[in-house]
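There are 2 protein chains.
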Amino acid sequence: MGSEVKTTPRAAPRKLTGKKQEIDEFIDQFEYFLFDCDGVLWQGDVLLPKVVETLDMLRNKGKKLVFVTNNSSKSREAYSKKFAKFGIPVSVDEVFGSSYSTAVAISRVYRMPPGKRVFVIGEEGVEHELAAEGIPFFGGSAPLPFPDDEVAEHVGPDPSVWAVVTGLDRKISYAKLAMAGGYLRDPDVHFFATNTDSTFPTHGKLLPGAGTCSAPLILMTGRTPTSFGKPSLAMMESIERKYSLDRSKACMVGDRLNTDIKFGLKSGLKGTLAVLTGVSTEAEILEAGEAGEGPDVYLDCLGDLLG
Amino acid sequence: MGSEVKTTPRAAPRKLTGKKQEIDEFIDQFEYFLFDCDGVLWQGDVLLPKVVETLDMLRNKGKKLVFVTNNSSKSREAYSKKFAKFGIPVSVDEVFGSSYSTAVAISRVYRMPPGKRVFVIGEEGVEHELAAEGIPFFGGSAPLPFPDDEVAEHVGPDPSVWAVVTGLDRKISYAKLAMAGGYLRDPDVHFFATNTDSTFPTHGKLLPGAGTCSAPLILMTGRTPTSFGKPSLAMMESIERKYSLDRSKACMVGDRLNTDIKFGLKSGLKGTLAVLTGVSTEAEILEAGEAGEGPDVYLDCLGDLLG
Numbered sequence: 002m003g004s005e006v007k008t009t010p011r012a013a014p015r016k017l018t019g020k021k022q023e024i025d026e027f028i029d030q031f032e033y034f035l036f037d038c039d040g041v042l043w044q045g046d047v048l049l050p051k052v053v054e055t056l057d058m059l060r061n062k063g064k065k066l067v068f069v070t071n072n073s074s075k076s077r078e079a080y081s082k083k084f085a086k087f088g089i090p091v092s093v094d095e096v097f098g099s100s101y102s103t104a105v106a107i108s109r110v111y112r113m114p115p116g117k118r119v120f121v122i123g124e125e126g127v128e129h130e131l132a133a134e135g136i137p138f139f140g141g142s143a144p145l146p147f148p149d150d151e152v153a154e155h156v157g158p159d160p161s162v163w164a165v166v167t168g169l170d171r172k173i174s175y176a177k178l179a180m181a182g183g184y185l186r187d188p189d190v191h192f193f194a195t196n197t198d199s200t201f202p203t204h205g206k207l208l209p210g211a212g213t214c215s216a217p218l219i220l221m222t223g224r225t226p227t228s229f230g231k232p233s234l235a236m237m238e239s240i241e242r243k244y245s246l247d248r249s250k251a252c253m254v255g256d257r258l259n260t261d262i263k264f265g266l267k268s269g270l271k272g273t274l275a276v277l278t279g280v281s282t283e284a285e286i287l288e289a290g291e292a293g294e295g296p297d298v299y300l301d302c303l304g305d306l307l308g
Numbered sequence: 002m003g004s005e006v007k008t009t010p011r012a013a014p015r016k017l018t019g020k021k022q023e024i025d026e027f028i029d030q031f032e033y034f035l036f037d038c039d040g041v042l043w044q045g046d047v048l049l050p051k052v053v054e055t056l057d058m059l060r061n062k063g064k065k066l067v068f069v070t071n072n073s074s075k076s077r078e079a080y081s082k083k084f085a086k087f088g089i090p091v092s093v094d095e096v097f098g099s100s101y102s103t104a105v106a107i108s109r110v111y112r113m114p115p116g117k118r119v120f121v122i123g124e125e126g127v128e129h130e131l132a133a134e135g136i137p138f139f140g141g142s143a144p145l146p147f148p149d150d151e152v153a154e155h156v157g158p159d160p161s162v163w164a165v166v167t168g169l170d171r172k173i174s175y176a177k178l179a180m181a182g183g184y185l186r187d188p189d190v191h192f193f194a195t196n197t198d199s200t201f202p203t204h205g206k207l208l209p210g211a212g213t214c215s216a217p218l219i220l221m222t223g224r225t226p227t228s229f230g231k232p233s234l235a236m237m238e239s240i241e242r243k244y245s246l247d248r249s250k251a252c253m254v255g256d257r258l259n260t261d262i263k264f265g266l267k268s269g270l271k272g273t274l275a276v277l278t279g280v281s282t283e284a285e286i287l288e289a290g291e292a293g294e295g296p297d298v299y300l301d302c303l304g305d306l307l308g
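Protein sequence lines correspond, in order, to chains P and Z. Heads up, the first sequence is in our numbering, so the first residue is 2 and it goes up one at a time. Heads up, the second sequence is in our numbering, so the first residue is 2 and it goes up one at a time.
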């Protein structure tokens with residue numbers, strides 16, 4: 002299993018110029034490109050310029066592409082349909098989402114025992130991936146089987162519950178939190194999060210992220226969830242296993258310092274590339290660079306990789 | 002304004018025996034008794050034994066009583082009706098709740114300018130106390146004026162919003178959190194919490210407390226609310242002002258180490274008394290004592306003060 006790699010003093014983040022030679026030298030270092038999606042390839046429902054051509058160029062150079070998203074609300078299948086809608090040919094197997102990462106960890110790493118089940122705070126993405134791995138679950142998008150204001154009568158430990166999984170849940174409710182809190186009082190019940198993003202960029206606004214669905218439970222129980230999204234090493238380990246990826250030949254491309262770039266750095270990937278079409282600004286990137294937490298290089302937008 | 006009082010090395014928490022002389026000596030030190038309610042006087046809807054008689058005994062000795070509750074969901078008026086239902090004569094003016102404390106701070110300490118308003122995540126208690134202080138507000142128990150799934154279109158700064166107030170809101174929703182998060186991106190908008198209790202004991206269960214309604218916003222914005230409930234000194238300062246209370250003659254009585262007893266200790270009250278009818282256990286009280294964070298004395302239940 003990979004462990005966290007200590008960062009040595011690093012050069013300041015460098016903005017790649019449009020010079021073909023400089024860009025080719027950068028690209029040629031890598032065999033794998035891991036892409037964050039929202040804020041890198043598109044913004045909400047709007048495809049960013051020259052993304053299709055850039056991905057084509059990388060494929061033509063023989064690079065392997067993996068699309069790594071913390072978005073827990075969509076399954077990999079739903080996500081690959083989003084690519085198709087944008088005219089980007091991406092197979093389900095090239096998509097690596099935090100819900101998938103979580104489901105795979107439960108079934109293949111933790112090996113949840115038979116007869117147990119998972120309580121879900123989350124949406125279709127979590128439900129779909131759990132079902133695909135054959136993991137029994139309840140909660141999620143299904144209404145609780147009692148009126149919300151009777152929740153106190155139902156809160157309590159449940160020996161059939163093996164884990165609570167939290168992802169982004171835009172139908173979050175007091176009753177769901179109360180039930181989850183009750184299960185988590187049993188220290189043997191696992192506390193998992195697809196990801197702990199503080200915000201969820203949507204239509205240019207920063208809406209509450211999946212982390213806001215676990216934060217109340219962290220406060221209630223004093224426990225911290227194991228996260229299977231960026232920047233968690235658990236996600237990198239799953240990616241490594243699935244794609245036989247060599248970290249020394251991989252580059253993480255993203256728009257967020259505290260998830261994407263941090264993920265690339267703490268995983269010890271060969272390279273990190275930030276783009277300015279998402280959450281983190283150039284000033285923040287340069288400031289992070291001073292703390293040794295910036296990307297190797299950055300670009301105004303991904304399309305600039307075309308030169 | 003009172004400031005935090007450093008604790009000097011303190012004796013271990015002492016269990017008061019039933020000896021009349023020892024009890025009288027303890028009581029005679031104080032002019033004021035500040036009571037937490039749930040877990041001390043009652044448990045949910047069940048009055049604890051000999052509470053009425055104990056409060057009578059204290060009143061007969063000339064003690065002044067203040068009932069200090071973090072429960073933000075009820076107004077002082079609604080709370081005094083709860084006392085009446087239990088046959089305990091308590092005036093509205095003897096009740097000091099975290100919603101009242103918050104409303105008074107906004108109108109009389111911060112002096113919110115005219116033309117501004119407050120966005121509420123909370124219930125009737127917060128709404129009632131804000132209205133009683135003449136503070137314009139929106140949100141709260143009123144449905145948002147748009148469908149929840151259209152919230153992204155409505156999130157953003159609003160120059161009319163002067164503060165976000167969070168209390169316990171058992172109708173908490175993603176849309177309310179999204180709106181509050183949008184307002185709080187303006188650093189000039191105040192972030193207030195009636196209290197930040199992690200749990201809300203109900204029918205013997207630990208349901209999510211008011212703190213679970215601010216925790217998502219803390220994560221989203223990186224900001225910390227000013228709390229007007231126990232153990233915040235802001236609450237003690239309001240109590241001091243309202244009752245002309247002398248801290249060196251006051252005793253805090255409560256069931257929770259991390260709110261009630263901490264409140265008494267950090268406020269530098271003369272004494273602290275814990276009871277075992279609520280959240281904290283005897284073992285926790287003794288352990289806290291070793292860290293200098295325990296009460297001076299403790300009892301199995303409040304009625305034991307009768308000897």
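Cβ coordinates follow ideal geometry from the N, Cα and C atoms, glycine included.
Report yes if the C-beta distance between residue i and residue j is below 7 Å; otherwise report no.
i: P:Ser100; j: P:Ile136; result: no
i: P:Gly320; j: P:Gly157; result: Nothing in the structure corresponds to residue 320 of chain P, since chain P is present only between 2 and 308.
i: P:Leu17; j: P:Leu300; result: yes
i: Z:Val165; j: Z:Phe192; result: yes
i: P:Gly168; j: P:Ala216; result: no
i: Z:Ala289; j: Z:Leu270; result: no
i: Z:Leu287; j: P:Thr213; result: no
i: Z:Pro14; j: Z:Gly295; result: yes
i: P:Thr260; j: P:Pro226; result: no
i: P:Ser228; j: P:Thr197; result: yes
i: P:Gly376; j: P:Met236; result: Chain P is shown from 2 up to 308; residue 376 of chain P falls before or after that span and cannot be answered.
i: P:Thr103; j: P:Thr200; result: no
Here's a check: name, in chain order, each residue in its chain whose Cβ is nearer than 8 Å to the Cβ of residue i, leaving out the five neighbours to either side.
i: Z:Gly116; result: Ser161
i: Z:Gly304; result: Leu49, Pro50, Lys51, Val52, Glu54, Thr55
i: Z:Glu23; result: Leu17
Find the nearest neighbour of residue i within the set the options, judged by alpha-carbon distance.
i: P:Ala181; options: P:Gly205, P:Val67, P:Asp297, P:Thr222; result: P:Thr222
i: P:Gly63; options: P:Leu207, P:Cys302, P:Glu32; result: P:Glu32
i: Z:Trp163; options: Z:Phe147, Z:Leu220, Z:Tyr111, Z:Leu208; result: Z:Tyr111
i: P:Ile89; options: P:Ser215, P:Asn72, P:Val47; result: P:Val47
i: P:Val190; options: P:Glu23, P:Arg118, P:Val254; result: P:Arg118
i: P:Asn71; options: P:Leu131, P:Ala13, P:Pro202; result: P:Pro202
i: Z:Ser74; options: Z:Trp43, Z:Leu59, Z:Glu128; result: Z:Glu128
i: P:Lys172; options: Z:Asp187, Z:Pro148, Z:Arg15, Z:Pro226; result: Z:Pro148
i: P:Ala12; options: P:Leu306, P:Cys302, P:Asp297; result: P:Asp297
i: P:Asp159; options: P:Gly230, P:Asp187, P:Met237, P:Lys206; result: P:Asp187
i: P:Pro10; options: P:Pro144, P:Phe87, P:Gly293; result: P:Gly293
i: Z:Leu208; options: P:Lys86, P:Lys250, P:Pro146, P:His155; result: P:His155
List, in order along the chain, the chain P residues whose C-beta lies closer than 7 Å to that of residue i?
i: Z:Val156; result: Lys206, Leu208
i: Z:Ser199; result: Leu220, Met221
For residue i, which residues in the same chain have their Cβ closer than 6 Å to its Cβ, ignoring the five residues on either side in sequence?
i: P:Arg77; result: Val93, Val96, Gly98, Tyr101
i: P:Gly265; result: Met253, Thr273
i: P:Lys177; result: Ile122
i: P:Ile249; result: This sequence places Ser at residue 249 of chain P; Ile is not what is there. Here the set comprises Lys271.
Within a Cβ cutoff of 7 Å, which residues of the same chain sit near residue i, ignoring the five residues on either side of it in sequence?
i: P:Val105; result: Glu134, Ser239
i: P:Asp256; result: Asp37, Gly40, Val41, Ala275, Val276, Thr278, Gly279, Val280, Ser281
i: P:Ile246; result: A quick correction: the sequence has Leu, not Ile, at residue 246 of chain P. Once the five neighbours on either side are set aside, the close Cβ partners of P:Leu246 are Tyr33, Ile240.
i: P:His204; result: Gly45
i: P:Tyr80; result: Thr70, Val96, Gly98
i: P:Gln30; result: Lys271, Gly272
In chain P, which residues lie with their C-beta within 9 Å of the C-beta of residue i?
i: Z:Ile173; result: Ile173, Ser174, Tyr175, Leu178, Pro217
i: Z:Gly183; result: Lys206, Leu207, Leu208
Report the neighbours of residue i on chain Z: residues whose CB is nearer than 8 Å to its CB, in chain order.
i: P:Ala153; result: Thr203, His204, Lys206, Leu208
Chain Z partners of residue i, CB-CB under 9 Å?
i: P:Thr213; result: Tyr175, Leu178, Gly182, Ala216, Pro217, Leu218, Leu220, Met221
Should residue i be counted as a contact of the ligand ZN given a C-beta to heavy atom distance under 6 Å?
i: P:Lys82; result: For the ligand ZN, the structure offers nothing, since it holds no ligand at all.
**Request:** Could you tell me which uninterrupted alpha helix (DSSP H) segments, each at least 4 residues in length, are contained entirely in the region 272-297 of chain P, listed from first to last along the chain?
**Result:** 283-291
**Asked** Which runs of the beta strand (DSSP E), 3 residues or longer, sit entirely within the region 160-194 of chain Z?
**Response** 162-167, 191-194
**Request:** Can you check the region 99-127 of chain Z for any beta strand (DSSP E) of at least 3 residues that lies completely inside it and give the ranges in chain order?
**Result:** 118-122
**Message:** Give the list of continuous alpha helix (DSSP H) stretches no shorter than 4 residues that lie fully inside the region 21-79 of chain Z.
**Reply:** 21-29, 52-61
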